[in-house]
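Rendered as structure tokens:
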């Protein structure tokens with residue numbers, strides 16, 4: 214099993230609803246360092262699973278849709294807390310859509326699953342893994 | 214599949230029995246940077262797998278029981294070498310006990326497995342994964 | 214010359230005024246991983262420059278005053294952009310006040326200067342250094 | 214499930230054939246920080262999965278065969294691009310050969326699979342996982 | 214004293230002349246993770262020392278001139294070994310030229326010195342510091 | 214001004230005397246990740262400040278004298294606490310002795326000062342800087 218991972222980051226504001234969040238119910242923000250991992254059983258004729266440059270570009274476009282925003286105002290997240298878990302799933306789903314649209318090129322046919330990890334600090338991170 | 218990881222550390226002394234350990238048979242010590250990962254298929258109504266603050270507190274209590282100690286004198290490890298592998302399993306087992314006792318709250322019902330990674334230096338680390 | 218550094222982090226929301234900031238003029242946020250360095254020429258009778266535990270506590274209290282907040286609403290920053298540079302200076306000044314108040318204990322008499330570094334992502338950070 | 218990981222690095226030159234690689238078709242090079250992970254269900258009587266010192270030595274010998282070389286001239290890679298994916302598989306295969314030859318000692322009988330991760334920069338890495 | 218640092222990377226091939234280099238006399242390569250630090254005593258009216266986005270762009274252009282190249286063939290380095298020290302100085306000098314040309318904008322008038330650090334692996338790096 | 218840094222690590226046991234240390238008065242231990250920085254104004258005819266391979270070897274010999282030991286039993290530290298500050302100074306002094314003995318070779322004549330940083334965890338470290 215092969216995997217390829219690329220890293221980017223995004224900076225967002227948001228707040229949480231629910232007593233469990235304590236002071237994080239206030240409007241605050243986070244830098245999320247975002248790792249996108251693509252997994253597959255075989256390589257293409259160029260000996261790559263995915264083109265790392267192209268994977269970086271696709272991840273860059275996904276995080277650009279979120280960065281420098283207040284997620285409390287984004288329709289995509291209406292009615293849900295934008296926890297690190299939820300954002301990891303959102304980024305993974307967006308990447309899956311783009312792979313299916315061909316943004317990663319034909320080599321991406323070998324990608325069977327993706328994992329997205331969002332680091333919210335040097336001491337906490339969350340991931341979401343899904344099939345393609 | 215979601216996962217959430219929190220990081221802490223502990224500083225211990227110990228020695229090893231067995232020729233395989235060479236100079237590490239002498240009393241020495243280590244800082245272990247400890248990553249505790251909680252895995253589960255679904256989120257609760259607050260959109261979290263586990264409360265990161267609460268997970269940090271629970272991990273902090275587990276490592277507090279070990280830190281600033283000579284593990285050669287701890288009854289919990291009598292008759293076994295306190296290798297990085299053994300300590301990773303010990304921390305994982307302690308976390309599992311605390312989750313079952315409710316220390317992580319009701320959302321932790323969604324946690325199906327945990328992984329504990331102990332970094333003993335910038336060039337070596339070990340993990341233990343177990344079901345809950 | 215000795216130095217001791219401790220690390221913590223804070224998660225804030227803010228926005229910037231000025232065309233130079235482009236999309237960062239929108240309300241967004243950041244995790245700042247905060248490194249506080251204490252510098253001095255000599256150690257006390259316990260052979261420490263500062264007590265690392267006490268230094269961590271003091272830094273923790275300084276970042277607690279900022280974390281989970283929208284800095285646009287904080288009186289301390291009225292009329293200025295809360296850039297990484299400004300926040301590094303703010304944290305350094307707060308630490309200096311607390312050292313002068315004795316929060317770091319008598320050993321801190323040997324501290325001649327402090328440096329505060331705020332990491333806003335894995336690819337950008339800023340520092341402020343000042344005498345005590 | 215236990216795992217043990219050791220880290221080393223190698224510095225190589227190479228070029229790629231194929232339009233997908235753009236400017237990387239030119240002769241260039243990379244430092245690969247190499248993580249070798251050994252996985253197994255149980256520990257030996259010394260309470261280790263593998264001897265970390267011995268694992269470091271074996272990994273060191275594998276990367277020594279590649280480092281300070283132009284991979285375009287190496288017979289082992291004739292006819293294939295030496296992408297990060299291919300090099301991760303090569304290192305994993307070499308480690309598997311050495312484990313089967315007994316280089317990791319008898320405790321390695323418990324190793325069921327290995328994972329090799331090659332970090333080509335702070336923002337991109339690739340892995341290969343295989344059974345033993 | 215303020216400082217702002219941005220990070221990028223470049224991947225190059227090269228070889229060294231001189232017995233001191235041992236096997237590194239062979240053609241090989243490296244990823245250099247490049248940190249560019251800008252230092253100055255005061256901030257501009259926007260409360261920045263340099264625009265982090267603009268600093269990243271300038272650093273990106275400097276490393277783009279070197280990456281995916283065999284430095285043995287570059288006229289800029291004829292007659293000198295392209296050691297990590299030499300490359301750090303080269304990047305620093307290129308950044309200084311661009312700052313003086315106005316690429317960092319008017320706020321960069323406050324920059325008094327720059328430091329460039331090139332990480333050649335996880336266990337070795339070199340820096341060059343110069344006045345502007 | 215040039216600098217070159219190499220990294221290694223050591224694992225030691227020790228205890229501290231003095232109420233300020235709280236639970237660290239008990240016998241415990243630490244992994245110290247050790248960064249040794251060599252600084253100088255000019256390069257030699259090979260275009261290096263120090264030979265990175267040789268610098269790594271010298272640092273390796275210095276940390277080998279300390280690792281896998283209980284520092285409470287070492288004559289070199291009789292009557293003093295082996296705090297991170299003290300150990301950083303000890304490693305720096307040992308390196309200075311070895312440089313003066315010629316262990317780094319003639320190029321080291323350009324080294325004017327050294328800095329040693331000991332990381333005791335992911336959230337705390339200490340340094341000692343001295344002239345040569």
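Protein chains in written order, with our numbering: chain A, 214 to 345; chain B, 214 to 345; chain C, 214 to 345; chain D, 214 to 345; chain E, 214 to 345; chain F, 214 to 345. Glycine included, each C-beta is placed from N, C-alpha and C at the ideal position.
The three-state secondary structure of residue 239 of chain B, taken from DSSP, is coil. Bridge partners of residue 282 of chain C according to DSSP: C/225. At a cut-off of 9 Å, the C-beta of residue 294 of chain E has no neighbouring C-beta in chain D.
For a cut-off of 8 Å, the C-beta gap from residue 217 of chain A to residue 298 of chain D is around 7 Å, short enough to register as a contact. For the pair of segments examined, the stretch 271 to 290 of chain C was found to touch the stretch 220 to 227 of chain C: the number of CB pairs separated by less than 8 Å reaches three. One thing to note: residue 248 of chain E has its Cβ within 9 Å of the Cβ of residue 219 of chain E. Per DSSP, residue 314 of chain D lies in no alpha helix (DSSP H) and is assigned neither H nor E. Straight-line spacing of the CA atoms in residue 275 of chain A and residue 246 of chain F works out to 37 Å.
Shown here for residue 243 of chain D: same chain residues with a beta carbon closer than 7 Å to its own, the five before and five after excluded, namely 225 and 333 in chain order.
By the neighbour-count criterion, in which a residue is buried when 16 or more other Cβ atoms sit within 10 angstroms of its Cβ, residue 313 of chain F is exposed.
Residue 264 of chain E belongs to the set of residues whose beta carbon lies under 9 Å from a beta carbon in chain C. As the crow flies, the alpha-carbon of residue 264 of chain F is around 7 Å from that of residue 317 of chain F. Judged by their CB atoms, residue 323 of chain E and residue 266 of chain E are not nearer to each other than the 9 Å cut-off.
Taking 9 Å as the cut-off, the beta carbon of residue 301 of chain E is found no closer than this to the beta carbon of residue 325 of chain E.
In the DSSP assignment, residue 327 of chain C falls outside any alpha helix (DSSP H) and within the unbroken beta strand (DSSP E) covering 324 to 334. No residue range can be given for residue 260 of chain A, since it is assigned to no alpha helix (DSSP H) and is classified by DSSP as neither H nor E. When 9 Å is used as the limit between beta carbons, residue 274 of chain D is near no residue of chain B, the shortest such separation being about 16 Å. Sequence-distant partners of residue 269 of chain C (beyond 5 residues in either direction) whose C-beta falls short of 6 Å from its own C-beta, in its chain, are 219.
Below the 9 Å Cβ cutoff, chain C contributes 328, 340, 341, 342 and 343 as neighbours of residue 214 of chain E, in chain order. In the three-state scheme derived from DSSP, where H, G and I count as helix and E and B as strand, residue 343 of chain F is classed as strand. In this structure, A/257 is the residue among A/236, A/292 and A/257 with its C-alpha nearest to the C-alpha of residue 294 of chain D. DSSP, read as helix, strand or coil, puts residue 216 of chain D in strand. Chain D has no Cβ within less than 9 Å of the Cβ of residue 242 of chain B.
At a cut-off of 9 Å between C-beta atoms, residue 297 of chain D counts as an interface residue with respect to chain A. When the beta-carbon positions are compared, residue 310 of chain B and residue 273 of chain B stay at least 9 Å from each other.
When only Cα atoms are considered, residue 236 of chain E and residue 306 of chain E end up about 29 Å apart.
Within the same chain, Cβ atoms closer than 8 Å to the Cβ of residue 308 of chain A are found at 249, 271, 272, 275, 327 and 329, the five residues on either side in sequence being excluded. In terms of beta-carbon proximity, residue 220 of chain A stays away from the interface with chain B, with every pair separated by 9 Å or more. DSSP places residue 291 of chain B in the coil class of the three-state scheme, outside both helix and strand.
Think of a sphere of 7 Å around the beta carbon of residue 246 of chain F: the chain B residues whose beta carbon falls inside it are 334 and 335, in chain order. Here residue 340 of chain C is buried, its C-beta having at least 16 other C-beta atoms within 10 Å. Annotation: Cβ neighbours of residue 282 of chain E in chain D (cutoff 7 Å, chain order): 239 and 241. For residue 250 of chain B, DSSP records a beta bridge to B/218 and B/328. Secondary structure of residue 244 of chain E (DSSP, three-state): strand. Note that the C-beta distance between residue 251 of chain F and residue 321 of chain F is below 9 Å.
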